[in-house]
Structure formats: C-alpha cells, structure tokens
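Visitor: In this note's numbering, the protein residues as written are 34 to 443.
Every residue, glycine too, gets a C-beta built ideally from N, C-alpha and C.
Keep in mind it's a predicted model, so treat the numbers as computed, not measured.
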C-alpha cells in the first residue's frame, strides 16, 4: 500500500467550519434543503477543486466531485444535513474524511491516473424521505414520489425546495456502470460499543434492515367518570399492554443485536375525561439477519392475535416498511482491516451497523464498505454528540489509507 499522510489540523478545521453553519448549542440545526444546508453545500463545492475535482449539484441536491483521470476511482462520502437540533458529526465527518482522502491521493504522484471522487448525498436523515439522495443515485426514487414528498416537520414541498435551491429541472445523477470500484463511507458509531471496549475503528460488516409497522387499536370512546371498569374498551390501555408484552417477550426470540422501539402512541380523542376509543402505535425492529426479522414479525403477529382473542379491543397490524439488510463487501472489509492495523493495531472490531446509512443504498449497485469511529457516551441525534479530536484524526488517517489500499489493488 502506498503511504498517504493526511493533515489532521486541516480535518479538524474543516469540521469546525461546518459546525458553524447552523450552529445550535454544541451541535447544529441544518435540515435538508434549508438555507443552512445549502450554505454547507456551497462550502463543499468551494473545497472540491483542492482535490482536483470538478463539483456539480444535481437535480435532487446531491453534490458530486468528479475527477477527469482515466484510471480506477473510488467514490467516498456521506451527507451534510443534520437531524433537527442535533449533532455536528453525523454526516459531515464522512464528508470531510472523503475530502481529505481525495486531497492527499488525487495530488499524489504515487496514484497518478487514479482518484477518490466525493459525494454528498442529500437528505440521508429523512426530512423528506430517508436516504433520498443515494436512493436517487441508484435509481430507486421516481418522479412521482418526488412530487408527493414534503418535509415531515414543516410541510415544505420538496419540489418547492429544489426550485428555491436553484436545482429544479437539472438531471439527477445516476450510477455510471464501471466508473467506480466501489463506495466507502465513514461515520461516528452512534453507539457505545467501540468506546466501551476501548477500540478505535469499527469495520462494518452489514447495515441492518428496519421493519416498521402501524398498529391501530379500536376500542369504545366513552365517559371516564360514568363507565364502569368492567365494561370499558380502553384503546390506550390495550396499546400499553401490547407495548409491555413486546418488551417482555421479544428478548426470547430476537437476535443478540436486535433492537425494537415503540416510537409513538397516539390516543383519540386524547382528552383527560374521555376513555380513548382508538389508539395508534408506530413500532419498528432492526436486525441484520432476515431470518431473525421474520421470526420477530411472526411473534408480533402472534401477540396481536392473542390480544384480539382476549379482547375487549380490536387490533389491526399494518406493515409500513420491510427493507433488506445490506452486506458490506468482504474485500472492502479486508482492505479496511489492513488500514486499521497500520494506524491502530489491535484496536478494530468487525461489527454490524444498527443505524441506516447511504452505503446501504450504494451497495445495491456497487461494492460498498463502511467504517466507524467512537462516539463519546454513545450519543447521537442530539446536540451533545461528540468524538475526541484524537479519534477524529486517527479515523481520517485510517480512512485515507483504506482508500489508498483499494486503489492500489485496482
């Protein structure tokens, strides 16, 4: 592997510059296609020529930094937008690592004719729809869906936002078969496995699938003061009982890394003196093994069947989302292992990702790989999200060496 040397101070300075755009407490507030997000895109576009890349913004808001070299190219990147009032590293870390790897490799005589290209995918976080930009790039987002999409927080229509950003009508970039040897992405772990094990680099083996459901519970709305307990059909109570039953029984049938969440329970009419006549639960579970996912779904169906048999309320299960786990390339994992051993010997771990990332979509069209650096306290999607400067710089070294290893093999 040809040696590459990143500039750690430059990496930290780049991340700090992005942190100032949409600054919120110690994090950022930079939702997709807001003025702050567009400012961060402008920042990246201005930096890409430093890596001998020509920048373009496509019709969905993706930024692509392209090289004119004729040889092997690896695509690297992540996203620039944030969750609302959230962390400063979720997304931008991968962008800055990709940019720095491109700077040092694309200007190196040892890699003449080869290049790292950089991508910033729009709205990985799902303000309009999860993984929007990478889905568009791999051909999994059609025009009809774009017409329907609006920001889930404030109702902004996607078409209007694209027009305001000045990209409406531009072609949407698509995968060019054979252009890239694959895609690589770096990210904070967003969990505490690395930190709690005193490790520095996570080598991602797979990205979990999310299976998501809406459970509607029909009871009988009635007066809270005059309806006897024995005859009540309390949809809120039925929802609570189901949530408890899930949490008590899923450990016996789930996998070692399975997780499940009841993210929302809404009661109708939601008044203090009225027995809820209807309840709605939004529920999801995640795993990287389809067999485990199918077992969890069957168990959920069984719990709902038992609740319906017992009464007095009626439960209905609606399946909202059933994705497929994404396997990361074995060759890319081995190349990352070599890079990790060079810079952090004995301090890496092969592990699945419990969060969804753009690499999952890219893996459907090309080999893909992903690496993690530690998250302090395992915190993410919150403004206190952080990683030490030492770990950030070490991760940048490993990432650039990973890209160099892949290009050396090509």
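Per DSSP, which residues does residue 294 bridge with? Please list them.
Guide: The count along the chain shown starts at 1 and reaches residue 294 at position 261. The partner list for residue 294 (beta bridge, DSSP) reads 317.
Visitor: Drop a sphere of 10 angstroms on the beta-carbon of residue 15, count the other beta-carbons inside from all chains shown, and report buried for 16 or more, exposed for fewer.
Guide: This structure cannot settle anything about residue 15, because the visible part of the chain is limited to 34 through 443.
Visitor: Would you list, in sequence order, the uninterrupted beta strand (DSSP E) runs of no fewer than 3 residues that lie entirely inside the stretch 233-297?
Guide: 234-240 and 242-251
Visitor: Going by other Cβ atoms of all chains shown within 10 Å of its Cβ, with 16 needed for buried, is residue 136 buried or exposed?
Guide: Along the chain shown, one-based indexing puts residue 136 at 103. Residue 136 should be labelled buried.
Visitor: At which residue ranges does the stretch 182-228 contain complete alpha helix (DSSP H) runs of 4 or more residues, listed in the order of the chain?
Guide: 191-197
Visitor: Could you give the residue range of the alpha helix (DSSP H) that holds residue 45?
Guide: Indexing the chain shown from 1 puts residue 45 at position 12. 41-52 is the extent of the alpha helix (DSSP H) around residue 45.
Visitor: Using a 10 Å radius around the Cβ and a threshold of 16 neighbouring Cβ atoms, would you call residue 390 buried or exposed?
Guide: Translated into the one-based positions of the chain shown, residue 390 becomes position 357. Flag for residue 390 reads buried.
Visitor: How is the beta strand (DSSP E) around residue 375 delimited, first residue to last?
Guide: Numbered from its first residue, the chain shown carries residue 375 at position 342. Per DSSP, residue 375 is not a residue of any beta strand (DSSP E); the alpha helix (DSSP H) it occupies stretches across 363-376.
Visitor: Do you know whose CA, among 282, 325, 279 and 419, lies nearest residue 291's CA?
Guide: Against the chain shown, residue 291 aligns to sequence position 258. Nearest C-alpha to residue 291: 325.
Visitor: Helix, strand or coil, according to DSSP, for residue 404 in the structure here?
Guide: Walking along the chain shown from the start, residue 404 turns up at place 371. It is a strand residue.
Visitor: Please report the straight-line C-alpha distance between residue 158 and residue 264, rounded to a whole angstrom.
Guide: Here residue 158 is taken as the residue at index 125 of the chain shown, counted from 1. Here residue 264 is taken as the residue at index 231 of the chain shown, counted from 1. Their backbone Cα atoms lie some 45 Å apart in a straight line.
Visitor: Curious, which full-length beta strand (DSSP E) runs of at least 3 residues does the stretch 68-136 contain?
Guide: The beta strand (DSSP E) runs of length 3 or more contained entirely in the stretch 68-136 are, from start to end of the chain, 87-90, 96-99 and 106-111.
Visitor: Could you pull the DSSP bridge partners for residue 359 from this structure?
Guide: Looking up residue 359 in the chain shown gives position 326. Answer is 240.
Visitor: Can you say whether residue 358 is buried or exposed, counting buried as having 16 or more other CB atoms within 10 angstroms of its CB?
Guide: Position 325 of the chain shown holds residue 358. Buried, because 16 or more other Cβ atoms sit within 10 Å of the Cβ of residue 358.
Visitor: Cα separation between residue 171 and residue 336?
Guide: Numbered from its first residue, the chain shown carries residue 171 at position 138. Numbered from its first residue, the chain shown carries residue 336 at position 303. A straight line joining the alpha-carbon of residue 171 with that of residue 336 spans about 38 Å.
Visitor: Hey, does residue 399 have any beta-carbon neighbour from chain D nearer than 8 Å?
Guide: In the structure shown, chain D does not exist; there is a single protein chain.
Visitor: Is there contact here, the stretch 231-250 with the stretch 347-357, by at least three beta-carbon pairs under 8 Å?
Guide: Between the stretch 231-250 and the stretch 347-357 there are three or more inter-stretch CB-CB distances shorter than 8 Å, so the stretches are counted as touching.
Visitor: Quick check on residue 239: buried or exposed, where buried means 16 or more other Cβ atoms within 10 Å of its Cβ?
Guide: Along the chain shown, one-based indexing puts residue 239 at 206. When all chains shown are included, residue 239 counts as buried.
Visitor: Going by beta-carbon coordinates alone, are residue 373 and residue 431 separated by less than 8 Å?
Guide: Locating residue 373 in the chain shown gives position 340, where the first residue counts as 1. Locating residue 431 in the chain shown gives position 398, where the first residue counts as 1. Cβ distance < 8 Å, so residue 373 and residue 431 count as in contact.
Visitor: With a threshold of 16 other CB atoms inside 10 Å of the CB of residue 74, please say whether the residue is buried or exposed.
Guide: Your numbering for residue 74 matches position 41 in the chain shown. Looking at its Cβ environment, which holds 16 or more other Cβ atoms inside 10 Å, residue 74 is buried.
Visitor: Let's test the definition: count the other Cβ atoms within 10 Å of the Cβ of residue 285 and tell me whether it reaches 16, buried, or not, exposed.
Guide: Along the chain shown, read from residue 1 onward, the residue named residue 285 stands at position 252. The residue in question, residue 285, is exposed, as its Cβ has fewer than 16 Cβ neighbours within 10 Å.
Visitor: Which value, in whole angstroms, describes the spacing of the CA atoms of residue 226 and residue 428?
Guide: Here residue 226 refers to the residue found at position 193 when the chain shown is read from its first residue. Here residue 428 refers to the residue found at position 395 when the chain shown is read from its first residue. Computed Cα separation, rounded: 16 Å.
Visitor: In this structure, does DSSP put residue 163 in helix, strand or coil?
Guide: Taking the chain shown and counting its residues from 1, one reaches residue 163 at position 130. In this structure, residue 163 counts as strand in the three-state DSSP scheme.
Visitor: Pair every Cβ in the stretch 208-221 with every Cβ in the stretch 115-133, then say whether three or more of these pairs are closer than 8 Å.
Guide: yes
Visitor: Tell me which same chain residues have a C-beta within less than 8 Å of the C-beta of residue 126, skipping the five on either side of it?
Guide: The sequence position of residue 126 within the chain shown is 93, counting from 1. When the five nearest sequence neighbours on each side are left out, the beta carbons in the same chain lying within less than 8 Å of the beta carbon of residue 126 are those of 48, 111, 219, 220, 221, 406, 420, 425 and 428, in order along the chain.
Visitor: Put residue 152 into one of helix, strand or coil per three-state DSSP.
Guide: Taking the chain shown and counting its residues from 1, the one referred to as residue 152 is at position 119. Strand at residue 152.
Visitor: If you run the structure through DSSP and keep just helix, strand and coil, what is residue 312?
Guide: On the chain shown, residue 312 is found 279 positions in, with the first residue counted as 1. Three-state result, residue 312: strand.
Visitor: Under three-state DSSP, which class holds residue 328?
Guide: By 1-based counting over the chain shown, the position of residue 328 is 295. Looking at residue 328 - three-state DSSP - the assignment turns out to be helix.
Visitor: List the residues that DSSP assigns as beta-bridge partners of residue 351.
Guide: Start at 1 with the first residue of the chain shown, and residue 351 comes out as number 318. Under the DSSP definition of a beta bridge, residue 351 partners with 247.
Visitor: Grab me the residues of residue 412's own chain with a C-beta within less than 7 Å of its C-beta, minus the 5 sequence neighbours each way, in chain order.
Guide: Taking the chain shown and counting its residues from 1, one reaches residue 412 at position 379. Within the same chain, residue 412 has close Cβ partners 418.
Visitor: If you draw a straight line from the C-alpha of residue 303 to the C-alpha of residue 268, how long is it?
Guide: The sequence position of residue 303 within the chain shown is 270, counting from 1. The sequence position of residue 268 within the chain shown is 235, counting from 1. Near 11 Å, if we compare the C-alpha coordinates of residue 268 and residue 303.
Visitor: In the DSSP assignment, what residue or residues form a beta bridge with residue 61?
Guide: In the chain shown, residue 61 corresponds to position 28, counting from 1. Paired residues: 56 and 119.
Visitor: Since I believe residue 169 is in contact with residue 93 (beta carbons under 8 Å), could you give me their beta-carbon distance rounded to a whole number of angstroms?
Guide: Locating residue 93 in the chain shown gives position 60, where the first residue counts as 1. Locating residue 169 in the chain shown gives position 136, where the first residue counts as 1. Confirmed, about 4 Å.
Visitor: Can you give me the Cβ contacts of residue 299 inside the same chain, cut-off strictly under 6 Å, excluding the 5 residues immediately before and after it?
Guide: For the purposes of this step, residue 299 is taken as the residue at position 266 of the chain shown. Excluding residues within five positions, the ones whose Cβ falls inside 6 Å are 313.
Visitor: Using a 10 Å radius around the Cβ and a threshold of 16 neighbouring Cβ atoms, would you call residue 520 buried or exposed?
Guide: The requested residue 520 is not part of the displayed model; the chain covers only 34 to 443.
Visitor: Among the residues of its own chain, which have a CB less than 8 Å from the CB of residue 202, if the five just before and after it don't count?
Guide: If you number the chain shown from 1, residue 202 lands on position 169. Excluding sequence neighbours, residue 202 sits near 92.
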